[in-house]
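Protein sequence lines correspond, in order, to chains A and B. Sequential numbering from 1 applies to the first sequence in this note's numbering. Sequential numbering from 228 applies to the second sequence in this note's numbering. Glycine included, C-beta positions come from ideal geometry on N, C-alpha and C. Every value quoted in this text rests on a predicted model; they were computed, and no experiment measured them. Worksheet: one structure, shown below.
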Amino acid sequence: MTLQAAARLTEILLALALIQQSLEHLVRFRSEQVLFGVRIVLCGLVLAGIAAPWPLFGLAGLSVLILYRFEGPYNGGSDRMGLLALWCLTAARLLPTPALQELAFGYLGAQLILSYFISGGVKIVNPDWRSGRALADVFRFSAYPVSETLRAWADRPRVLLAMSWAVMGFELIFPLTLVWKPALIAGLVVAGTFHLANACLFGLNRFFWTWLAVYPAILWLQGRLFH
Amino acid sequence: MRSPLTLLLPALIPSWNFFDVIAPSPRVEYARLRSIGDTAGDWKAFRPKPQRLSPLEMLTRLVWNPRWNESLFLVSCAERLGDDETAHSEAEIFKRIAADVVREPQDAERPWLCFRVIFVSRVGEALVDEVQYQPAPRLLSGIAVA
């Protein structure tokens, strides 16, 4: 995949993810309807490829206004990945030389790898994660389980121990998949399934669409580094 | 109010330390009060979770999840209150509670609205609740919900 093709695919997937998020804001307050209505229009222009790259630059500028409106990301990590993707794509369009454009887009791919690897690293050094207790606490009292019935999972220590090590193991070995494209594709399928499970169990639907949008960047980076 | 650069920088240089520790978890409760000094409020959980969700409902939320995502934003606001970033977070929580409360049957005898943030944590094998933040009540009619 060429840089242009990968960046364009990422733009399209990100625009779709941002439209999905923005539609959710249209049902609430007027000030949010204005901000997110404008974002939907700009995403539509990105999807249609009209007036490129200006709608992308507009989205980057608007993202700062939205950050200002909520004094930070509206939905934590998923919004941060969306912002990172948006600004890397904008830089890749804006920078003057192919090498710098590759650097900007490659940074996005590298951050995707780090998003898994660092998440695994910070968990495995915590004894509560290694014993399965941390995941039990997530189910028992965190704000994330989408229903009260799911809290009963906290009382399945063996299942949670296995799940904890599966998550940590996958996150830590994910960078190794970069050396062989079929392994990377398999890794991304597992990662996508992981995000799907998080969306169903913890309501983190924005993570699913945003991380999916960035997958072309890592597929391009793999080809760029190992071919 | 933080500068745009300090808001954007954590996204451009992310830390990715998701769930590194399972910190005390905030719950937002609200009450309608007779007066600003009323202490006999009937506290209710704001947006309690459903008892169960069907697989179809979970999958539907993949593409349409505004209430849950707003609840997660309120969790962020409640955590910021714990970090002493009060004015914006307090106003956001009041506004979003008020927007729901104005749809309930009106109670002219209880024109004041208040909320409190309870942090739940595990101490040993027991779960403990602690009220960590409770602002001054506001008149429900004075909170802009448009």
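- Per the Cβ contact rule, the region 318 to 335 of chain B is not in contact with the region 234 to 243 of chain B (fewer than 3 Cβ pairs under 8 Å).
- Taking CB atoms only, residue 37(A) has no neighbour in chain B less than 7 Å away.
- Shortest Cα-Cα distance from residue 356(B) to any of 247(B), 251(B) and 245(B) involves 251(B).
- At a Cβ-Cβ threshold of 7 Å, residue 175(A) and residue 113(A) count as neighbours.
- Taking the Cβ atoms as the reference, residue 126(A) lies roughly 13 Å from residue 136(A), outside the contact range of under 8 Å.
- Around residue 171(A), the same chain offers 116, 117, 119 and 120 as residues with beta carbons nearer than 7 Å, after the five sequence neighbours per side are excluded.
- At a cut-off of 7 Å between beta-carbon atoms, residue 137(A) makes contact with chain B.
- In the structure shown, residue 331(B) adopts coil according to DSSP, grouped into three states.
- Note: residue 345(B) is bridge-paired with 254(B) and 358(B) in the DSSP secondary-structure output.
- Around the Cβ of residue 244(B), a 10 Å sphere holds fewer than 16 other Cβ atoms; the residue is exposed.
- Excluding the 5 residues flanking it on each side, residue 22(A) has same chain C-beta neighbours closer than 6 Å at 36, 39 and 40, in chain order.
- Here residue 344(B) really is in contact with residue 359(B); their C-beta atoms are around 6 Å apart, less than 8 Å.
- Annotation: Cβ neighbours of residue 208(A) in chain B (cutoff 7 Å, chain order): 289.
- In this structure, the alpha-carbon of residue 76(A) lies about 26 Å from that of residue 103(A).
- When the beta-carbon positions are compared, residue 89(A) and residue 11(A) come within less than 7 Å of each other.
- The residues 321, 322, 325 and 340, in chain order, have a CB closer than 8 Å to that of residue 370(B) in the same chain once the five nearest residues on each side in sequence are set aside.
- Relative to residue 314(B), the option among 71(A), 85(A) and 122(A) whose CA is nearest is 71(A).
- What residue 345(B) touches in chain A, judged by beta-carbon distance under 8 Å, is nothing: the nearest beta carbon there is about 11 Å away.
- As computed with DSSP, residue 272(B) is found in a beta bridge with 256(B).
- Taking a 10 Å sphere around the C-beta of residue 333(B), we find fewer than 16 other C-beta atoms and assign the residue as exposed.
- When 53(A), 64(A) and 54(A) are compared, the shortest CA-CA separation from residue 234(B) is found for 64(A).
- Between the C-alpha atoms of residue 186(A) and residue 178(A) there is a straight-line separation of about 11 Å.
- Secondary structure at residue 294(B): helix, using DSSP grouped into helix, strand and coil.
- Cβ contact annotation for residue 367(B) (same chain, cutoff 8 Å, sequence separation greater than five): 259, 325, 328, 329, 338, 339 and 340, in chain order.
- Within the DSSP secondary-structure output, residue 232(B) pairs in no beta bridge.
- Setting aside the 5 residues that flank it on each side, residue 123(A) is surrounded in the same chain by 129 and 168, each with a C-beta closer than 6 Å to its C-beta; the list follows chain order.
- One finds nothing in chain A with a Cβ atom closer than 7 Å to the Cβ of residue 262(B); even the nearest lies about 28 Å away.
- Contact residues of the region 310 to 344 of chain B toward chain A are 312, 315, 316, 319, 322, 323 and 326 (C-beta to C-beta distance below 9 Å).
- Where residue 171(A) is concerned, the enclosing alpha helix (DSSP H) starts and stops at 157 to 173.
- Counting only Cβ-Cβ distances below 7 Å, residue 84(A) has contacts in chain B at 238, 239 and 241, in chain order.
- Contact with chain A is found for residue 247(B), since one of that chain's Cβ atoms lies less than 7 Å from the residue's Cβ.
- Excluding residues up to 5 positions away in sequence, 6, 10, 105, 108, 109 and 112 lie with their Cβ nearer than 7 Å to the Cβ of residue 217(A) in the same chain.
- Using a CB distance cut-off of 7 Å, residue 271(B) does not count as an interface residue toward chain A.
- In the three-state scheme derived from DSSP, where H, G and I count as helix and E and B as strand, residue 365(B) is classed as strand.
- With respect to the C-alpha of residue 42(A), the residue from 15(A), 20(A) and 4(A) having the closest C-alpha is 15(A).
- Taking a beta-carbon distance threshold of 7 Å, residue 363(B) does not count as an interface residue toward chain A.
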